[in-house]
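Number of protein chains: 4
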Amino acid sequence: MPELETVVREIAEEMRARPDRGEVASYIPELARADANAFGIAVVDREGRVVVGGDAEAAFSIQSISKVFTLTLALGKIGDRLWRRVGREPSGSPFNSIVQLENEHGIPRNPFINAGAIAVTDVILSGHQPRDTLGEILRFLQFLAEDPAIGIDEAVAASEQRTGFRNRALANYMKSFNVLENPVDFTLGVYFHHCAIAMSCRQLAMAGRFLAHNGRNPATGFSVVSPERARRINAIMLTCGHYDGSGEFAYRVGLPGKSGVGGGILAVAPGKASIAVWSPGLDASGNSHLGRIALERLTQRMGWSIFG
Amino acid sequence: MPELETVVREIAEEMRARPDRGEVASYIPELARADANAFGIAVVDREGRVVVGGDAEAAFSIQSISKVFTLTLALGKIGDRLWRRVGREPSGSPFNSIVQLENEHGIPRNPFINAGAIAVTDVILSGHQPRDTLGEILRFLQFLAEDPAIGIDEAVAASEQRTGFRNRALANYMKSFNVLENPVDFTLGVYFHHCAIAMSCRQLAMAGRFLAHNGRNPATGFSVVSPERARRINAIMLTCGHYDGSGEFAYRVGLPGKSGVGGGILAVAPGKASIAVWSPGLDASGNSHLGRIALERLTQRMGWSIFG
Amino acid sequence: MPELETVVREIAEEMRARPDRGEVASYIPELARADANAFGIAVVDREGRVVVGGDAEAAFSIQSISKVFTLTLALGKIGDRLWRRVGREPSGSPFNSIVQLENEHGIPRNPFINAGAIAVTDVILSGHQPRDTLGEILRFLQFLAEDPAIGIDEAVAASEQRTGFRNRALANYMKSFNVLENPVDFTLGVYFHHCAIAMSCRQLAMAGRFLAHNGRNPATGFSVVSPERARRINAIMLTCGHYDGSGEFAYRVGLPGKSGVGGGILAVAPGKASIAVWSPGLDASGNSHLGRIALERLTQRMGWSIFG
Amino acid sequence: MPELETVVREIAEEMRARPDRGEVASYIPELARADANAFGIAVVDREGRVVVGGDAEAAFSIQSISKVFTLTLALGKIGDRLWRRVGREPSGSPFNSIVQLENEHGIPRNPFINAGAIAVTDVILSGHQPRDTLGEILRFLQFLAEDPAIGIDEAVAASEQRTGFRNRALANYMKSFNVLENPVDFTLGVYFHHCAIAMSCRQLAMAGRFLAHNGRNPATGFSVVSPERARRINAIMLTCGHYDGSGEFAYRVGLPGKSGVGGGILAVAPGKASIAVWSPGLDASGNSHLGRIALERLTQRMGWSIFG
């Protein structure tokens, strides 16, 4: 087995040099300003060691990666009753598709497509003030990452508030089926803001540790969720974490993972490591192009695939 | 860790006694004759030990489980060129849906829905005689299971030949997009027959060993496929192996698996075991009801989930 | 040919007595208060004679019938450029479907499904204040019907403003494709209000005269639109005027017509008459149950079908 | 009103000269051999006068126009029971779409899309021999056109038999829902052959007379169908006769019509004339490009639109 440090360093070097970098997301205007040349990686192993490469300390918009943490919070609040309001099957559709909602009575296919994550946000909000709910999500991430400096990029949130018509369509559509309980603007306000949380690869890999270690922080032993729940969240990440590229990610990388259109990916090697990568250029399915390749290299060289 | 023998015995006893048994498939008339009370399980561990419970020696129609082995053969024949003719994303649709084909120019979403498996069969056939191709598939299974007694249930094959109008629709539809190269009747003939192969849980678990052990027979060390290919087949089984219930299976069982409407499931615990279960009653997604529950028990008690 | 007065009276009597009355729309709460026993009919012939039956003077919510008049206004404003923003094919989908929008880049299929009518409203609004635009639509109807008493039922408008989540979804969805130019709330405000215009059968039949007579008021000779435009609006009413029941209406009634979920239908017998019927109970496609039957009787007895 | 002879002559001259001629259908190999420069027109008025222009005597493959006549025959056989097996709504889909079938349990939307016409053919076949049924269809056309020379182009039929995989898919799909009663090959055999009937514009316009004149041959007074049935067939032609271009045809031409991929269109001006045009180049919806333009000219100049 090669040294993790060596592997991470070589991956960062390769990714830095590659000419193919994907397309930076433009559908949220503020995200279009990201640097296509950026690449970062951070790996936290079971001993709590953090190995980083490239722009691992630079904060980026985590976007849909936040959905892993809001799902965790919503399950903590209402447990399996959550599954009455959102499914857990891959959708076979793009991240912002509304067709599936019409065919299935407004119930989103899974918590990681936009519609599903909006429904999950509505569960966390549940009658509270948007500001309070957003604070709760932010504190949860700060706690998991052991870093109180994590915050929201207000420019990104405002940009999405102004232009997020498709998410507004999804939310109103679900509201028409009574899948959302709170005022649409409240739910969307929280949703847009938690997607606009900015984190570095280091912070993100730290926050994901509990998923790699049976629901616990391996350093402190503190339990975040039960082992069964950690496994199940990982399962949903594997089948649904990359929108309509989830099969491809499983095939090539072989780890549970969740991507965001900001170019980040959080991946989990159960029992071994929590991993975050970031590169703003996306592939056709809306997932980080170099991020996926970097993770493919990492699992191959470290033998971390969950598939053997 | 409990004894595997104890776990398997207790699962067989529980499954034998449960009143909820699902619905026996009726869409192939011959399959409707299966005994809803049957339940079998067989586990082959890395040392080659076979632990069985219930009706583990009774032969049943493996149906779509054959698709794992035809995929393996097709990859052996043309490698990654296969992916020009079939995708590897979950479909978000029932096993026999044709909608997806119309939306995606006749290219099936993955090799485990019916359309995809027909396209894979067409690749194996590739200009040969149906009889010869079918012989090749059968010999491959006999070799993997180390059992020359494995054969085809001709009554099931004939029943499907007479009534398989929906599969005939899928095949002709793909033919109209030039996704199939052979005469439709040739390809379907091979497809209907390899789905009609009859195997016991013991034979099936034996045949699946290479997927659990890096592509090798762990007893003999003989390599069937490369470690990478074994991992990738497992990944496709995880994301696509249970039709529109694949997310549910990953969530509850946490193993790569492939089900068939005959009530069988082949599951793979990488590095640990190859597992086959059988109970003819199906759930709403067309997967064995008790088979899935049995596998859920097994992975929980043995700690075999790939998700931590 | 029977006397029109006799036919209208007998139709009103039959409809008053029938036990099958359809289901009053409940999706806008305020509409659910309509009296299922109501039935009205008004026919204006080419000489300008008005023949009425039943509750022909009672005002009801015209709902989607307003779309005929907003289409006329929008064509008056921008002519055939309108067809860049909305199609003119039957949709094969329910009135509030969003699936078609996703498949066709946010361009609604025709101006008579909800999405299409919202896009048409956006064209009329075109940078003006909602209040002014609404005034323009209202004055157009008052002018056509020669009745300044026509107004908006504010309770219905407010009810739809509060609950119209699905229309809000459609509008935001189109906005995400830049099909709408004005703020979504402005466009929807005008849309909800023009759907809430209340008219009697008499007023509606008067307003529809220009469509029956080559674009002119047959009494005054005053031209509203060109003969070609009148024909074309009639053609769209025939193919698209009854949502997913348009084929059925053409088959049974044989006249261009537009229905609303308030239970009204405006129908046009070219060269012969403008007709309005009203009965609040709807059929499965959302069209007035007795209204359609009444029109079927009328065209059969008067020989007014456009199909021979 | 201009002279019909003058109008027809001028239309034939304009169409002969236009450079835009559409694309000759290639999906049936044999049809691809048609001459893109051909154009023919024939009009039979209520006095039985036949006015022709261009290549009005040249035989072409009527293809889907045959569906008007098979619908008439099927209604003659089982009356309104036909509507249990096929709908009468526009489909909003291309002529050979299978998506709609999956969504609606194998019941085709209307008798003029391919699936619907195959179901109608199955009704006519109804246990008879394909050869006899085909003879019946052919004799019906010979009788209507008063021309025993009408026959089948066997090369076209054979070409479609060899390559009609998509129609084969549609038929098998419906068979899986028990919408077809006869062996799929029998029904398709009759379908492929009646689509391959070859007729000239003159013959086709003669055959369509009964639809323009209340179900009767205006010359002999002989009744083919009841007036109501003639109106209803016209209504279905109007809403469904041009696949996903039916709205466009109604909007521009304003007559009931049925097109075929051979480039022919049969149109009906109720009470006035039966019209056939032919030009092999098709538009994007699969309808004759110049045929539609020619009919638009004709109705405008003669004032024959049914819409006023």
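Residue numbers (full-length UniProt numbering), protein chains in the order written: chain R, 1 to 308; chain L, 1 to 308; chain S, 1 to 308; chain X, 1 to 308.
The beta carbon of each residue, even a glycine, is placed where N, CA and C say it ideally should be.
None of these values were measured; they are calculated from a predicted model.
Query	Result
So, do the stretch 66–83 of chain S and the stretch 109–127 of chain S have three or more beta carbon pairs nearer to each other than 8 Å?	yes
Determine the direct distance from the alpha carbon of His289 (chain S) to that of Asp147 (chain S), and round the result to whole angstroms.	28 Å
Under a CB-based cut-off of 8 Å, is Gly92 (chain X) close to chain S?	yes
Buried or exposed: where does Gly48 (chain R) fall if 16 or more other Cβ atoms within 10 Å of its Cβ makes it buried?	exposed
So, is the C-beta of Arg232 (chain L) closer than 8 Å to a C-beta in chain X?	no
Under 8 Å, Cβ to Cβ, is there at least one residue of chain R near Ser176 (chain S)?	yes
Mind reading off the beta-carbon distance from Glu248 (chain L) to Glu89 (chain R)? Whole number of angstroms is fine, and I expect it under 8 Å.	7 Å
When you compare the stretch 165–172 of chain L with the stretch 211–229 of chain L, are there three or more beta-carbon pairs, one atom per stretch, that lie closer than 8 Å?	no
If you measure beta-carbon to beta-carbon, which residues of the stretch 98–118 of chain R are closer than 8 Å to chain L?	Gln100, Arg109, Asn110
Among the candidates R:Thr72, R:Ala42, R:Val8, whose CA atom is the shortest distance from the CA of residue 352 (chain R)?	Lying before the first or after the last residue shown, residue 352 (chain R) is absent from chain R, which here runs from 1 to 308.
Please classify Pro130 (chain S) as buried or exposed, where buried requires at least 16 neighbouring CB atoms within 10 angstroms.	buried
Interface residues of chain R around Arg88 (chain L) at Cβ under 8 Å?	Gly247, Glu248, Tyr251
How close, in whole Å, do the beta carbons of Val123 (chain L) and Ala74 (chain L) come, if the pair is a contact with beta carbons under 8 Å?	4 Å
At 9 Å on the CB atoms, spell out the chain X contacts of Pro270 (chain S), in chain order.	Ser305, Ile306, Phe307, Gly308
Does the pairing of the stretch 223–237 of chain X with the stretch 166–180 of chain X give three or more beta-carbon distances under 8 Å?	no
Kindly indicate which three-state DSSP category Arg216 (chain X) falls into: helix, strand or coil?	strand
Report the CB separation of residue 309 (chain L) from Ala212 (chain L) in whole angstroms; it is logged as a contact under 8 Å.	Chain L is shown from 1 up to 308; residue 309 (chain L) falls before or after that span and cannot be answered.
Closer than 8 Å by beta-carbon distance: list the chain R residues that pair up with Asn172 (chain S), in chain order.	Phe165, Arg166, Arg168, Ala169, Asn172
For the ligand NAP, is there a heavy atom less than 7 Å away from the beta-carbon of Leu31 (chain S)?	Among the ligands in the structure shown, none appear at all, so the ligand NAP cannot be discussed.
Please classify Ala273 (chain L): does DSSP put it in a helix, a strand, or coil?	strand
Buried or exposed, going by whether 16 or more other CB atoms sit within 10 Å of the CB of Arg209 (chain S)?	buried
Just curious, the beta strand (DSSP E) that Gly93 (chain R) is in, first and last residue?	The amino acid occupying residue 93 (chain R) in the given sequence is Ser; Gly does not appear at that position. Element bounds for Ser93 (chain R): n/a, residue is neither H nor E.
For Trp304 (chain R) and Val51 (chain R), what's the separation of their Cα atoms in angstroms?	16 Å
My assumption, with CB atoms under 8 Å, is that Ile150 (chain R) sits in contact with Met199 (chain R). Please give the rounded CB distance.	6 Å
May I ask you to verify whether the stretch 15–31 of chain S touches the stretch 154–162 of chain S, counting CB pairs closer than 8 Å and requiring at least 3?	yes
Mind checking which residues open and close the alpha helix (DSSP H) that includes Gly257 (chain L)?	Per DSSP, Gly257 (chain L) belongs to no alpha helix (DSSP H); it is in the beta strand (DSSP E), 257–259.
Can you give me, in chain order, the residues of the stretch 204–219 of chain R that have a beta carbon less than 9 Å from any beta carbon in chain L?	Leu211, Ala212, His213, Asn214, Gly215
Measuring only between beta-carbons, confirm whether Ala235 (chain L) sits less than 8 Å from chain R.	yes
Could you list the residues in the stretch 254–267 of chain X with a C-beta less than 9 Å from some C-beta on chain S, going in chain order?	Gly254, Pro256
Identify every run of the alpha helix (DSSP H) within the stretch 149–234 of chain L, keeping only runs that are complete inside it and at least 4 residues long; order them along the chain.	154–163, 165–176, 184–195, 201–207, 209–212
For Ile306 (chain R), which of R:Ala267, R:Ala119, R:Ala276 has the nearest alpha-carbon?	R:Ala267
Can you pull the chain R residues whose beta carbon is under 7 Å from the beta carbon of Thr6 (chain L), in chain order?	Going along chain R, no residue has its Cβ under 7 Å from Thr6 (chain L), so there is no contact; the nearest lies around 21 Å.
Determine the closest residue to Gly286 (chain X) out of X:Leu82, X:Tyr243, X:Pro256, with distance taken between C-alpha atoms.	X:Tyr243
Is it the case that the Cβ atoms of Leu138 (chain S) and Ile152 (chain S) are separated by a distance below 8 Å?	yes
Given this structure, state the Cα-to-Cα distance separating Thr239 (chain L) from Gly87 (chain X), to the nearest angstrom.	38 Å
Select from the stretch 120–143 of chain R all residues with a C-beta closer than 9 Å to any C-beta belonging to chain L, and list them in chain order.	none
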